[in-house]
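In what follows, a structure is listed as C-alpha cells, so that the remarks can point back to it.
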Ligand code: GLU
C-alpha cells in the first residue's frame, strides 16, 4: 500500500475546503491562527513518515496534551487515579460544569477539561508545578525525537486570561475535596500543557507508542505497560472528542483525541499514529477537515479498528 500517495491524495482533495469551520476564538491567541493551515503526518513503526501540507508547522495541541498527561499521571499513581476521575463519555461539552454537581465533583473522564484538571493535579503530586511540566515536556521531546519542542508562552498567558471557566471547574471540584494541590498551581500546569506547540510530524511520532502496545517501535523502549496502553486507547475511542466521540468512532474508527487548536491525534493499533491539523472546528469542537482527512485515510487504508 502506498501510504504517501494516499496522504497526498486526501490532502489535495480536501485542500479546497481549507478555511471551513470556526476557529476557536475564546482563547485570543488561538483566534489569530491562519484558518487555511492544513497538515497531515502518518508515522509508521519503521521510523518513517508520510506527510502532506503544513505537517512541519508547530500548532497549539490544546487538549491532545491530556493523553500524555494521563499516561504520566497513571505512571505516578496507578489505577487509584480513577477514584477521582471517571471513565465514561460525558455527553456534555468539553468545558461543562453541570455534571460535576450531580457527581460530587468527580468528572466523567480524563479528556474533558475538568478531568484533565484532576489528572494535572495528580501529575503535579507533591512537587513544584514546573517540575511536573518539565516531565511532560521531556516525554514529548523524547518520544518525538525533537529537543526543540516548547510551550508557547503567549498561548499559555492567553489561556490564563481567558480561563474563567476552567477556574470555575477547578474551584467547584476543590469544594468537593477532589483536588490536592492549590487551584492556581494546578491551573498553571494545565494552561502550560494546553499551550504545548507541536507539528503534525512531532505529534504523530510522539503518539506512536500508543499504537504499539505502549512501546516505541523505533527504539523498542517501553513507555507504558500494554494493559495501560489498551486502556488509554479505549478512553481515546470513547471520550476523545468531547460530545462527538460516538460520531468520530462511527465515521473514522480510530482511537483519537481532538484539541480546540484544530489538531487530532489518531492511533491505529499495530499500524500507525496519525496527526492532522486544520484550525476550523465543527459544532462539536473537533477539526472539520482533520476529521474528514482521517475518515478518508481510514477508508483508503482499511485501517479502521473495527475491521
Ligand atoms: N485549553 C483549552 C481549554 O481549557 C483546551 C480545550 C480543548 O482543546 O478541548 O479550554
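In the numbering used here, the protein residues as written are 981 to 1287. Glycine included, C-beta positions come from ideal geometry on N, C-alpha and C.
Judged by the Cβ position, residue 1048 fails to qualify as a neighbour of the ligand GLU at the 7 Å threshold, every heavy atom of the ligand being at least this far. A residue is called buried when at least 16 other Cβ atoms come within 10 angstroms of its Cβ; residue 1017 meets this threshold and is buried. Restricting attention to alpha helix (DSSP H) runs no shorter than 4 residues, the segment 1102-1146 encloses them at 1109-1124, 1133-1141, ordered along the chain. If you ignore the 5 residues before and after residue 1092, its C-beta comes within less than 6 Å of the C-beta of 1070, 1074, all in its own chain and listed in chain order. The shortest CA-to-CA distance from residue 1192 to any of 1235, 1066, 1273 is the one to 1235. Residue pairing from DSSP places residue 1195 in a beta bridge opposite 1202. Beta-bridge partners of residue 1253 (DSSP): 1023, 1247. Assignment of residue 1177 by DSSP, reduced to helix, strand and coil, places it in the strand class. Rounded to the nearest angstrom, the gap between the Cα atoms of residue 1063 and residue 1054 is 12 Å. Per DSSP, the beta-bridge partners of residue 1260 are 1003.
Excluding its 5 nearest sequence neighbours in each direction, residue 1141 has C-beta neighbours in its own chain below 8 Å: 1008, listed in chain order.
Between residue 1231 and residue 1273, the C-beta gap is not smaller than 8 Å, which leaves the two residues out of contact.
Distances from the CA of residue 1039 to each of 1258, 1277, 1285 were compared; the closest alpha carbon is that of 1258. If you draw a straight line from the Cα of residue 1029 to the Cα of residue 1190, it comes to about 16 Å.
Less than 8 Å divides the Cβ of residue 1086 from the Cβ of residue 1158.
Between the alpha carbons of residue 1043 and residue 982 lies a gap of roughly 31 Å. By the neighbour-count definition (other C-beta atoms within 10 Å, threshold 16), residue 1078 is an exposed residue.
Counted as a single uninterrupted DSSP element, the beta strand (DSSP E) harbouring residue 1237 occupies residues 1235-1238. Listed by position along the chain, the residues with Cβ atoms less than 6 Å from a non-hydrogen atom of the ligand GLU are 1042, 1043, 1074, 1075, 1093, 1139, 1146, 1174, 1239, 1240.
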